[in-house]
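Structure first, then comments.
Residue numbers (my numbering): 84 to 475.
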C-alpha cells in the first residue's frame, strides 16, 4: 500500500481476527494475562502498551514514513518527553514563532531544571547557525510558525543540526503529514498535537511523537513508560478514526483557507494577511517548494490556518473576535468547525510581554482555524463582524 489515504484507512486497522469486524474493538484492559511467571506477552500493563494505542501508533508511523511513533495524553506531554532527554546545563535553541504552551514549558519548567533556552528567527539560517552553542542539544521549531505563519527551511535546519551533532524536533501540528513529512528531510522527531487535525473533531486530547531512528524511539519510549503520560484507549480510537479522513479534511480546509486569505487581503480594514499560499507571504517560494511535494503546483495546499492584522484598536479587535457566529471564539484549531482567537490575549498570553512585542505578536493579530463550513458562509460571518466595528 503506497497511497496516503489507503494507508490511513488500512495500516493498523486490519480486520479483527477474532470476529471479522472491519473496525477493531477498543481494548480498555489495564492489565494482560501472561503466559508464565517471568514470561512476557506482547502486552503486559496498559501504561507500557495497549493494543488500541499500538494500532494508532502503527498508522501514524506509516503516514510519517518513520520507524516508530508514541501516543501521549496531550501535545504538551509529548513535547515534555522530548525535553526529558536533556540534562541540566544543556541548551535548547527554539524558534521565535512558537506556540505559547511550548514557550511556557521551555521558559518556566525547563529553565528551572538548569536547561538554558534561546529563541531565534528560524527563517534566518545564519542566525540559527550562530545560535548553536557547544552545549546546544536540541533545536525546536514549528513547520508553520504559530501565530505568524513563518515557514522554515527544514531540510537545511536538519543538515545544519547534523553537522553540529544537535537533535532536531519539529512541531508539525499546523502542517500535518498530509502537507509535510519532516522525517524525510532528516529531522529527528516530529510532534503533533493530536487534539488538532489528527483527531479533527474537537472531542479528544492527545499528542504524538514520530521518529526515524530505532534507538531514539527506545529512549523516548523509556521516558514515556517511566513517566506514564500515555494516551488512553478511547482517545486512541478517536484519533485513529480521525486519521482515516485526515487527507480529505486538510485538503478541503486548505482550499477554503486559500479562498479566505485572498479575500481578506482585498479588504481595506485588513492591514496584512499571513498565509503561506499567498504570494505576499515572505516565504512563499519556500512554502511552494516544501508543501505538498507530491502534488503539481496548481493542486498544492498550504494549510488551514490564517493570521491577519486589522487596522483597528485592541478593543475593536476583541469586538471582531467576539462578534462572529460560525467562527467560535476559542483556542485550539484543526477541527471541522472554524475557530477565531486573538493570540496576544489567548493562545500566546503566556509569552512575556517583551517577547510578544519582540516577535511581532501584536494586539491587532487575529488567528483563524478554517473548518469545513461553506466558505461563503464563513466570509459572510467575518464581514458581519468587521461591520460591527465599522458602524461604531
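Heads up, the beta-carbon is just placed ideally off N, CA and C, and yes, glycines get one too.
Check	Outcome
Spatial neighbours of residue 340 within its chain, please: C-beta separation below 6 Å, excluding the five flanking residues on both sides.	387, 389, 453
Since residue 259 contacts residue 272 with CB under 8 Å, what's their CB separation in whole angstroms?	Not quite, the Cβ-Cβ distance comes to about 16 Å (not below 8 Å), so this is no contact.
Cα separation between residue 124 and residue 417?	38 Å
With DSSP as the reference, label residue 333 as helix, strand or coil.	helix
Terminal residues of the continuous alpha helix (DSSP H) containing residue 352?	Neither: residue 352 is in no alpha helix (DSSP H) and is coded neither H nor E.
Could you please give the first and the last residue of the uninterrupted beta strand (DSSP E) stretch that includes residue 155?	151-155
In angstroms, rounded to a whole number, what distance separates the CA positions of residue 367 and residue 232?	11 Å
So if DSSP puts residue 145 in a beta bridge, which residue, or which two residues, is it bridged to?	DSSP, once it has assigned bridges, lists no residue as partnering residue 145.
Between which two residues does the alpha helix (DSSP H) holding residue 259 run?	259-262
Which of helix, strand or coil does DSSP assign to residue 423?	strand
With 16 other CB atoms within 10 Å as the buried threshold, where does residue 128 fall?	exposed
Do residue 143 and residue 163 count as a contact pair if the criterion is CB distance below 9 Å?	no
Within its chain, find whatever has a CB closer than 8 Å to the CB of residue 476; leave out the 5 residues flanking it on each side and keep chain order.	With the chain covering 84 to 475 only, the question about residue 476 has no answer from this structure.
Inspect the CB distances between the region 212-219 and the region 150-168 and report whether three or more fall short of 8 Å.	no
Please tell me whether residue 256 and residue 154 are closer than 9 Å, where the distance is taken between their beta carbons.	no
Would you kindly check if the distance between the Cβ of residue 338 and the Cβ of residue 384 is under 9 Å?	yes
Between 244, 348, 223, which has its C-alpha nearest residue 180's C-alpha?	223
Between the region 362-378 and the region 398-414, do at least 3 Cβ pairs fall closer than 8 Å?	no
Do the CB positions of residue 394 and residue 356 come within less than 9 Å of each other?	no
From the DSSP output, which residues share a beta bridge with residue 390?	357, 450
What distance in whole Å lies between the Cβ atoms of residue 419 and residue 455, which are believed to be in contact at a cut-off of 8 Å?	5 Å
Taking C-alpha atoms, which residue in 235, 429, 220, 218 lies nearest to residue 226?	235
Assuming residue 166 and residue 193 are in contact, meaning their beta carbons sit under 8 Å apart, how far apart are those beta carbons, in whole angstroms?	5 Å
What does the Cβ neighbour count give for residue 237, buried or exposed, with the cut at 16 atoms within 10 Å?	buried
Going straight from the alpha carbon of residue 245 to that of residue 150, what length do you get?	19 Å
Is the CB-CB distance between residue 243 and residue 203 below 9 Å?	no
With a 10 Å radius around its C-beta and 16 neighbouring C-beta atoms as the bar for buried, classify residue 425 as buried or exposed.	buried
Does DSSP put residue 114 in a helix, a strand or coil?	strand
With 16 as the cutoff for other CB atoms within 10 Å, does residue 382 come out buried or exposed?	exposed
Leaving out five residues on either side along the sequence, give the residues of the same chain with a beta carbon under 7 Å from the beta carbon of residue 432.	183
Can the beta-carbon of residue 254 be found closer than 9 Å to that of residue 274?	yes
Ignore the nearest five residues each way along the sequence and tell me which others in residue 95's own chain have a CB closer than 6 Å to its CB.	138, 141, 142
Under DSSP, the alpha helix (DSSP H) around residue 283 begins and ends at which residues?	Residue 283 -> no alpha helix (DSSP H), and no H or E assigned at all.
Classify residue 185: buried if its beta carbon has 16 or more other beta carbons within 10 angstroms, exposed otherwise.	buried
Specify, as a first and last residue, the run of the alpha helix (DSSP H) that residue 159 falls within.	158-166
Per DSSP, what are the beta-bridge partners of residue 254 in this structure?	225, 274
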